[in-house]
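Visitor: Quick one: the structure is below, questions incoming.
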Amino acid sequence: MNLLSKFLDIAEKRRDVIAVISGDGQRISYGELAERSAQHAAYWQGKGIRKGDRVLLAMPVGIDLYAAIAGLWRLGAVIVFPEPAMGLKGLRHAVRIAEPQAVLTSGIYRILNIIIPGLWRVKHKLRLGMGTGAPICEQVVSDHPALISFTSGSTGNPKAIVRSHAFLMAQNDCVSQMLASDKDNEIDLVAFPVFVIANLGSGVTSVLPDWKLSQHDLADASAICRLIARENISRALVPPSICEILARHNTGPGLQAIFTGGGPIFPDLMRRMMAAMPGTRIMAVYGSTEAEPISHLMLEDMSAADWAEMENGGGLLAGTPVPETAVRIIDDEIVVTGDHVNKGYLDGVGDAENKVAMDGDIWHRTGDAGRFDAQGRLWLRGRWSAKAGAYYPFELEVAARSWDGVTAAALIPSRQPATLAISGKEPSPGYWQAKAAALGDIIVTAMAEIPMDRRHRSKVDYAALNDQLKR
1 MNLLSKFLDI AEKRRDVIAV ISGDGQRISY GELAERSAQH AAYWQGKGIR
51 KGDRVLLAMP VGIDLYAAIA GLWRLGAVIV FPEPAMGLKG LRHAVRIAEP
101 QAVLTSGIYR ILNIIIPGLW RVKHKLRLGM GTGAPICEQV VSDHPALISF
151 TSGSTGNPKA IVRSHAFLMA QNDCVSQMLA SDKDNEIDLV AFPVFVIANL
201 GSGVTSVLPD WKLSQHDLAD ASAICRLIAR ENISRALVPP SICEILARHN
251 TGPGLQAIFT GGGPIFPDLM RRMMAAMPGT RIMAVYGSTE AEPISHLMLE
301 DMSAADWAEM ENGGGLLAGT PVPETAVRII DDEIVVTGDH VNKGYLDGVG
351 DAENKVAMDG DIWHRTGDAG RFDAQGRLWL RGRWSAKAGA YYPFELEVAA
401 RSWDGVTAAA LIPSRQPATL AISGKEPSPG YWQAKAAALG DIIVTAMAEI
451 PMDRRHRSKV DYAALNDQLK R
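Numbering (the UniProt record's numbering), first residue to last: 1 to 471.
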């Protein structure tokens, strides 16, 4: 087997269909992408790359990146992706943990071979190149590793996640089911690499962002709308921070659908999106680096009672678990398993804290508190470790975001009594405290800004919040 099989089949049948469009307008068809990946594979094979070799990728997000990914998987090589949000620190961590046999760089990233001492010892320094010969597609066993990526590191050092060919095929199938469409010519704006890879196995055209992926919150709404219009984009797969930017724009981007995840989609953002983009179908996706997706929610399916429950301390509705994922609640924590759920980290580092053996399978501890309602839908209560008193974060944060003047809210972990940090403009002195008191014994403290995660700028960075409060 080889996870590229679906892509290669589609490339043969839909050679002239555009596979990937870069943010600057460059494009490549399925047939051209398959051919280029074959030429890369032949070239790197000539440089000594073999099945099982770990190859660290340091390249700009563009067509060349996905041609390189396909070329390396043709060889049965294992791609190592550093965590982009960690910058140079994340790259050094990836080199130290994954110990790659090769590094592939292009453009400005070639300087990394000079400035990162850990790369000096790497045997093969690869560049993009074209070889000749019969197309290569190494057959591998199902558990042969295909990709090593890293968690965000928001709760400690980033952990290395190994995804096999079978795992990625299962994940691609799960994502494809979630994104299934009656249309034969969807064009997706995709900010998540995992969804680009899934699209390449489904024959869908992926348009890459023209903004900096490490700074989603600084993207320009007008530029995004111009990109959508220029490429006739029908759907967007973007983090909540991009949805926030689009919702604030005066003119809707004309999308038929939006799929958003990578961070919580709070009710206030939901309402702004629905108001700014009438007629656009919006799906909120819940998942994690180790398990994507877990559940999803169509905003149009929410009832008045759902909105009221979220705004009165019930947490955040995440919808119905996808059929491919088994979900349980153990001691308030969400645990999951399935073919596309990671069963262990590289060399077992982190397994003791995050993996649980039950019923003959390995379950992943998400670190999120949750509950099921009578309809079998999953509700998120926030980070399990960020509880304060009787409250989990989302039970207060979601409610607080419905109050006048609030732009962001964060429950300060472990504080007694429970303390809620709020940023925004209070309409009158004592208003926020009075609203909090209606929910329980809660203290409100105002902050100029709530620190957010480095990856998608969509989740509260509780470690940074605690550090900030200590200053």
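Ideal Cβ positions, reconstructed from N, Cα and C, are used throughout, including at glycine. Since the model is a prediction, treat every value here as computed from it, not as a measurement.
Please classify Lys459: is it buried, with 16 or more other beta-carbons within 10 angstroms of its beta-carbon, or exposed?
Guide: Buried is the call here.
Visitor: According to the neighbour-count rule (16 or more other Cβ atoms, all chains shown, within 10 Å of its Cβ), is Arg235 buried or exposed?
Guide: It is buried - the Cβ of Arg235 has at least 16 other Cβ atoms within 10 Å.
Visitor: With DSSP run on the structure shown, which of helix, strand or coil describes Lys125?
Guide: strand
Visitor: Taking only the alpha-carbon atoms, compute the straight-line gap between Leu297 and Gly48 and give it to the nearest angstrom.
Guide: 47 angstroms
Visitor: Between Leu317, Arg377, Ala434 and Lys51, which lies nearest to Leu147 when the distance is taken from Cα to Cα?
Guide: Nearest C-alpha to Leu147: Lys51.
Visitor: Using alpha carbons as the reference points, say which of Gly203, Gln177 and Pro293 lies closest to Leu11.
Guide: The sequence shown places Ala at residue 11, rather than the Leu named in the question. For Ala11, the nearest C-alpha among the options comes from Gly203.
Visitor: Quick one: complete alpha helix (DSSP H) runs, 4+ long, within the region 26 to 87?
Guide: 30 to 46 and 63 to 74
Visitor: Determine contact between the region 385 to 402 and the region 432 to 439, defined as no fewer than three beta-carbon pairs at a distance below 8 angstroms.
Guide: yes
Visitor: If you scan the region 164 to 221 from start to end, which runs of the beta strand (DSSP E) of 3 or more residues do you find wholly inside it?
Guide: 187 to 190 and 205 to 207
Visitor: Cα separation between Ala357 and Gly424?
Guide: 44 angstroms
Visitor: Are three or more beta carbon pairs between the region 23 to 32 and the region 161 to 179 nearer than 8 angstroms?
Guide: The region 161 to 179 and the region 23 to 32 do not touch, with fewer than three beta-carbon pairs separated by less than 8 angstroms.
Visitor: How many Å lie between residue 546 and Leu104 at the Cα?
Guide: Limits of the chain in this structure are 1 at one end and 471 at the other, which puts residue 546 out of reach.
Visitor: So Asp268 is in the alpha helix (DSSP H); what residue range does that whole segment cover?
Guide: Pro267 to Ala276
Visitor: Could you tell me whether the region 312 to 323 touches the region 369 to 379, where touching means 3 or more Cβ pairs closer than 8 angstroms?
Guide: yes
Visitor: Give the C-beta separation of Val238 and Ala191 to the nearest angstrom, bearing in mind that I take them to be a contact with Cβ-Cβ under 8 angstroms.
Guide: 5 angstroms
Visitor: Please look up how many angstroms separate the CB atoms of Arg281 and Ala257, rounded, as I've assumed it's under 8 angstroms.
Guide: Yes, they are in contact, since the Cβ atoms of Arg281 and Ala257 sit about 4 angstroms apart, within 8 angstroms.
Visitor: I'd like the list of long-range same chain contacts for Ala41, defined as Cβ closer than 6 angstroms, with 5 residues on each side in sequence excluded.
Guide: Gly71, Arg74, Leu75 and Ile136
Visitor: Among Ser152, Gln416 and Met283, which has the Cα closest to the Cα of Met302?
Guide: Met283
Visitor: Between Ser295 and Pro321, which are expected to be in contact by the criterion C-beta below 8 angstroms, what is the C-beta distance as a whole number of angstroms?
Guide: 5 angstroms
Visitor: Considering only residues of the region 301 to 386, which uninterrupted beta strand (DSSP E) runs meet the minimum length of 3 residues and lie entirely inside it, listed in chain order?
Guide: As far as the region 301 to 386 is concerned, its whole beta strand (DSSP E) runs of at least 3 residues are 316 to 321, 326 to 330, 333 to 337, 355 to 358, 361 to 372 and 378 to 383.
Visitor: Hey, Ser37 and Ala67 are a contact pair by Cβ (cut 8 angstroms); roughly how many whole angstroms apart?
Guide: 5 angstroms
Visitor: Out of Lys13, Gly87, His124 and Leu8, state which residue places its alpha-carbon closest to the alpha-carbon of Tyr43.
Guide: If we check each option's Cα against that of Tyr43, His124 comes out closest.
Visitor: Taking the alpha carbon of Asp467 as the reference point, which residue from Tyr109, Trp120 and Pro413 has its own alpha carbon closest?
Guide: If you compare the alpha carbons of Tyr109, Trp120 and Pro413 with that of Asp467, the shortest gap goes to Pro413.
Visitor: Based on DSSP bridge pairs, tell me the residues matched to Leu147.
Guide: Ile79 and Arg163
Visitor: Looking at the unbroken beta strand (DSSP E) that takes in Ser402, where does it start and where does it end?
Guide: Boundaries for Ser402: no beta strand (DSSP E) harbours it, and the DSSP string shows neither H nor E there.
Visitor: Just to confirm my understanding: we take Ala418, look at its own chain, exclude 5 residues before and 5 after, and list those with CB closer than 6 angstroms. What are they?
Guide: Ala388, Gly389, Tyr391 and Ile442
Visitor: State the beta-bridge partners of Met1 as determined by DSSP.
Guide: Paired residues: none, contrary to the question.
Visitor: Let's see if you can read the secondary structure: which residues bound the alpha helix (DSSP H) around Glu244?
Guide: Note, Glu244: alpha helix (DSSP H), Pro240 to Arg248.
Visitor: Take every Cβ of the region 195 to 211, pair it with every Cβ of the region 338 to 349, and state whether three or more of those distances are shorter than 8 angstroms.
Guide: no
Visitor: I'd like to know whether the C-beta atoms of Leu269 and Glu300 end up nearer to each other than 7 angstroms.
Guide: no
Visitor: With burial defined as no fewer than 16 other Cβ atoms inside 10 Å of the residue's Cβ, what is the status of Lys159: buried or exposed?
Guide: buried
Visitor: In the region 410 to 452, which residue ranges form an unbroken beta strand (DSSP E) of at least 3 residues, counting only runs that do not cross its ends?
Guide: 418 to 424 and 442 to 446
Visitor: Under the rule that 16 or more other beta-carbon atoms within 10 Å means buried, what is Trp379, buried or exposed?
Guide: buried
Visitor: First and last residue of the beta strand (DSSP E) that includes Leu255?
Guide: Element bounds for Leu255: n/a, residue is neither H nor E.
Visitor: Tell me which residue opens and which closes the beta strand (DSSP E) that residue 548 is part of.
Guide: The shown model of the chain, from 1 to 471, leaves out residue 548, and the question about it has no answer.
Visitor: Under the rule that 16 or more other beta-carbon atoms within 10 Å means buried, what is Gln171, buried or exposed?
Guide: buried
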